[in-house]
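Residue numbers (the working numbering): 102 to 556.
Quick reminder that beta carbons are idealized off the backbone N, C-alpha and C, glycines included.
Here's the structure, in structure tokens; my notes come after.
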Ligand code: GCU
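Have a look at this one:
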């Protein structure tokens with residue numbers, strides 16, 4: 102199979118970033134992803150087919166559960182009990198014993214390990230421009246993070262990044278990094294829209310700039326494609342020298358989060374950026390990558406996790422909306438380690454050694470804001486309540502570390518901001534977007550980043 106891959110993949114993987122896919126290309130990506138999925142199952146010695154996931158189409162006969170009374174009973178692993186059964190009572194035990202256990206389980210079974218030999222990235226400023234966003238003057242820098250590929254020159258990887266800071270800023274400003282440039286895997290290429298919030302409300306970029314903060318956007322698919330066919334390309338492929346992944350190698354979510362960390366490396370060198378006040382934000386699959394980045398990268402001080410659903414902050418054991426079986430299929434398994442496929446074939450989600458609340462707990466004590474849309478507009482696939490519960494069950498760890506949890510286990514009504522603590526949650530009235538929650542997020546973030554200036 103090795104022979105089929107390289108050239109064709111090179112073509113596809115570059116297509117992922119640069120062109121709209123034709124039907125033929127989409128079919129090829131799906132076919133090659135299915136082949137890679139199959140070879141991973143062979144490595145895992147799994148001979149049985151995966152269990153199929155439910156459908157996201159509410160009218161389909163196998164539609165995903167959308168009825169609260171039909172949710173299963175499940176038992177969550179306790180983030181404050183060690184594997185040997187002993188309770189975690191002190192901060193020291195959390196940091197030295199329990200947290201490393203949880204990290205190891207996520208590394209091996211869910212998101213994959215960061216390789217030890219990732220080559221270095223050199224940042225190059227491509228352009229610096231004085232321009233405007235809305236009515237606000239900004240300084241916009243376009244950057245490229247060039248990955249050293251001397252160990253395997255066949256694969257070239259460059260990270261695309263844009264940084265905008267208020268032109269009127271006096272000194273360093275806090276920056277929100279968005280995992281963005283959403284170029285849907287099978288759709289039109291749309292440059293990241295300055296998403297409108299509701300009619301008359303300024304977009305998120307203006308909202309940040311008007312408060313004296315900056316924003317940056319990193320393009321995740323510039324360094325790791327959003328499909329299984331691209332796993333022998335991008336940063337994952339470069340580290341593996343074009344070979345397939347091992348079962349505990351990193352998946353795309355960790356690779357995207359790695360890129361966000363490399364952006365921090367650059368921010369630390371930029372005199373316009375206050376690298377002590379950096380946040381990460383993303384929606385949907387990039388919402389999943391956002392919580393992964395926050396969990397593993399202590400230099401992010403705040404997070405805005407948008408509609409991350411299954412694979413993000415939604416409890417994986419909860420049978421409602423998207424399921425592990427969907428995530429482990431050939432269309433989405435590339436986000437995770439190969440080992441994750443076991444939980445939709447030889448094992449079940451109840452066998453997972455960890456669940457999403459423990460991913461949120463890995464972010465502690467740093468503040469996180471969990472966002473979702475409304476069931477009517479966004480739909481139920483993301484499972485807003487499942488995300489809320491992921492946040493709620495992380496509370497014991499925040500409290501152990503002297504921070505405030507969500508302060509309720511009761512799912513709030515639409516629009517209610519739960520923002521009094523260091524874990525925050527709000528379900529806005531709009532669709533699949535972080536847009537309508539930006540103003541609430543900014544007000545919450547002001548508490549941590551200090552007085553907001555208004556231009
Ligand atoms: C699909 C997928 C989700 C994902 C979403 C997105 O709906 O099932 O897990 O979050 O795409 O990224 O938009």
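The ligand GCU heavy atom lying under 8 Å from the CB of residue i
| i | result |
| --- | --- |
| residue 276 | no |
| residue 211 | no |
| residue 423 | yes |
| residue 411 | yes |
| residue 101 | Since the first residue shown for the chain is 102 and the last is 556, residue 101 is missing from the structure and cannot be characterised. |
| residue 157 | yes |
| residue 388 | yes |
| residue 433 | yes |
| residue 428 | yes |
| residue 195 | no |
| residue 408 | yes |
| residue 534 | no |
| residue 385 | yes |
| residue 478 | no |
| residue 482 | yes |
Assigned exposure category for residue i - 16 Cβ within 10 Å defines buried
| i | result |
| --- | --- |
| residue 305 | buried |
| residue 278 | buried |
| residue 510 | exposed |
| residue 367 | buried |
| residue 195 | buried |
| residue 319 | buried |
| residue 444 | buried |
| residue 101 | In this structure the chain extends from 102 to 556, so residue 101 is not present and cannot be described. |
| residue 363 | buried |
| residue 308 | buried |
| residue 161 | exposed |
| residue 132 | exposed |
| residue 183 | exposed |
| residue 193 | exposed |
| residue 393 | buried |
| residue 323 | buried |
| residue 218 | exposed |
| residue 477 | exposed |
| residue 185 | exposed |
| residue 128 | exposed |
N-terminal and C-terminal residue of the alpha helix (DSSP H) that residue i is part of
| i | result |
| --- | --- |
| residue 486 | 485-493 |
| residue 129 | 124-144 |
| residue 540 | 539-550 |
| residue 525 | Residue 525 -> not in any alpha helix (DSSP H); beta strand (DSSP E) instead, spanning 524-528. |
| residue 478 | 476-479 |
| residue 310 | 305-311 |
| residue 461 | 457-464 |
Rounded separation between residue i and residue j - CA only
| i | j | result |
| --- | --- | --- |
| residue 433 | residue 459 | 21 Å |
| residue 355 | residue 437 | 8 Å |
| residue 422 | residue 365 | 34 Å |
| residue 516 | residue 543 | 16 Å |
| residue 164 | residue 158 | 6 Å |
| residue 453 | residue 210 | 8 Å |
| residue 373 | residue 272 | 6 Å |
| residue 461 | residue 227 | 36 Å |
| residue 548 | residue 425 | 36 Å |
| residue 353 | residue 206 | 17 Å |
| residue 154 | residue 482 | 12 Å |
| residue 254 | residue 168 | 52 Å |
| residue 297 | residue 539 | Bear in mind that a pLDDT of 49 at residue 297, under 50, signals an unreliable position, so the model cannot answer this. |
| residue 384 | residue 410 | 10 Å |
| residue 289 | residue 179 | Caution is warranted here: a pLDDT of 40 is assigned to residue 289, below 50, making its placement in the model unreliable, and the coordinate value is therefore given only provisionally. If I take the Cα positions, the gap works out to 43 Å. |
| residue 139 | residue 326 | 19 Å |
| residue 375 | residue 215 | 27 Å |
| residue 513 | residue 312 | 29 Å |
| residue 558 | residue 338 | The shown model of the chain, from 102 to 556, leaves out residue 558, and the question about it has no answer. |
| residue 316 | residue 336 | 24 Å |
| residue 488 | residue 529 | 14 Å |
| residue 146 | residue 174 | 30 Å |
| residue 238 | residue 314 | 12 Å |
Delimiting residues of the beta strand (DSSP E) encompassing residue i
| i | result |
| --- | --- |
| residue 320 | 315-320 |
| residue 498 | Taken as a continuous stretch (DSSP letters only), residue 498 belongs to no beta strand (DSSP E), being part of the alpha helix (DSSP H) at 496-501. |
| residue 200 | Residue 200 -> not in any beta strand (DSSP E); alpha helix (DSSP H) instead, spanning 200-206. |
| residue 520 | Neither: residue 520 is in no beta strand (DSSP E) and is coded neither H nor E. |
| residue 469 | 469-473 |
Closer than 8 Å: residue i CB and nearest the ligand ZN heavy atom
| i | result |
| --- | --- |
| residue 138 | What this structure holds is the ligand GCU, not the ligand ZN. |
Residue-chain proximity (residue i, chain D), Cβ-Cβ < 9 Å
| i | result |
| --- | --- |
| residue 303 | Absent from the structure is chain D; it holds one protein chain and no more. |
(request) List in chain order: all unbroken beta strand (DSSP E) runs of 3+ residues lying wholly within the region 235-274. (result) 237-248, 259-267
(message) Please give me, in chain order, every unbroken run of the alpha helix (DSSP H) with length at least 4 that falls completely inside the region 362-433.
(response) 386-397, 425-428
(message) Just to confirm the assignment: which complete beta strand (DSSP E) runs, minimum length 3, are found wholly within the region 335-360?
(response) At a cut-off of 3 residues, not a single continuous stretch assigned as beta strand (DSSP E) sits fully inside the region 335-360.
(message) Please give the ranges of any alpha helix (DSSP H) in the region 153-210, keeping only runs that are unbroken, at least 4 residues long and fully inside the region.
(response) Taking only runs of at least 4 residues, the alpha helix (DSSP H) segments lying wholly in the region 153-210 are 200-206.
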